[in-house]
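Scroll down for the structure; my scribbles are underneath it.
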Amino acid sequence: MPIDWDKQRLGKRADREIAERLGVSMTKVRRERVRRGIPACNVEQMEWALSIDWDEQPLGEMSDVDLAQELEVSARTVRRQRDARGIPTFRAVDWDEQPLGEMRDEELAEQLGVSKATVAFQRRSRWIPPLREGIDWDAEPLGKVPDQVLATKHGVTRSAVQAQRKRRGIVAFSKRG
12 MPIDWDKQRL GKRADREIAE RLGVSMTKVR RERVRRGIPA CNVEQMEWAL
62 SIDWDEQPLG EMSDVDLAQE LEVSARTVRR QRDARGIPTF RAVDWDEQPL
112 GEMRDEELAE QLGVSKATVA FQRRSRWIPP LREGIDWDAE PLGKVPDQVL
162 ATKHGVTRSA VQAQRKRRGI VAFSKRG
């Protein structure tokens, strides 16, 4: 009788467990799992996840990814545990309203309760340079001279100056006035 592989828990259970239940070799199970592009079940990680007292974890109080890294489990595992308890996702941060590049990533991360890497990623994805201590952008002639002139003066990229100018709602310098 052929095996209905769609009904097997490939990747959800250890290959050995499925093979024993079906009475086939572990190689046959692994081959079918790989053919379907399903990653192997990480038994150690599953056992670790089962040993965690999920009711004591800050589910929904931080991102699933950050908590997963802290607990050394997958973000999917954290999401499932949070969903099972009806806990909403960590409040989404309106990154466009945050002072990215205006304060140190570490300080903003602490203030928002997220990782420094998360803040840095959000800042970089908006082409905002990190805070450079010592440049008082409000005292610079943003929009009155080409961005490249200020970039050269301060040793930063043109896009860094552009980001500071745009953040303040200042239009780019134009020779036409």
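Each step along the sequence shown adds one to the number in the numbering used here, with nothing skipped, and position 41 is 52. All C-beta atoms, glycine included, are put in the ideal place defined by N, C-alpha and C. In this text the structure is predicted, and so the values were computed from the model without any measurement.
Cα-Cα separation, residue i to residue j
i	j	result
M114	K177	17 angstroms
A79	S62	14 angstroms
H165	R135	19 angstroms
K127	E108	17 angstroms
E31	D64	30 angstroms
S185	P140	23 angstroms
A183	V84	47 angstroms
V160	A103	38 angstroms
8 angstroms CB neighbourhood of residue i in its chain, flanking five on each side removed
i	result
D66	R96
G124	E72, M73
A162	T168, R169, A171, V172
L70	L78, V89, Q92, R93, R96, I98
K23	C52
Close Cβ partners of residue i (< 7 angstroms) along its chain, the five nearest in sequence each way excluded
i	result
W138	S170, A174
T100	G71
W148	Q175
Within-7 angstroms CB hit, residue i to chain D
i	result
I29	This model lacks chain D altogether, as it is built from one protein chain only.
Residue i and residue j closer than 7 angstroms at C-beta
i	j	result
L142	G180	no
M37	R47	no
A25	C52	yes
I49	L21	yes
W106	Q133	yes
Residues near residue i in its chain [Cβ-Cβ closer than 6 angstroms; skip 5 each side]
i	result
A131	D116
D75	A86, V89, R90
Residues that DSSP places opposite residue i in a beta bridge
i	result
M114	L111
R24	L21
L70	M73
L153	V156
When the Cβ atoms of the stretch 39 to 53 are set against those of the stretch 15 to 26, are three or more pairs found closer than 8 angstroms? yes
Taking three-plus beta-carbon pairs below 8 angstroms as touching, is the stretch 115 to 122 in contact with the stretch 153 to 173? no
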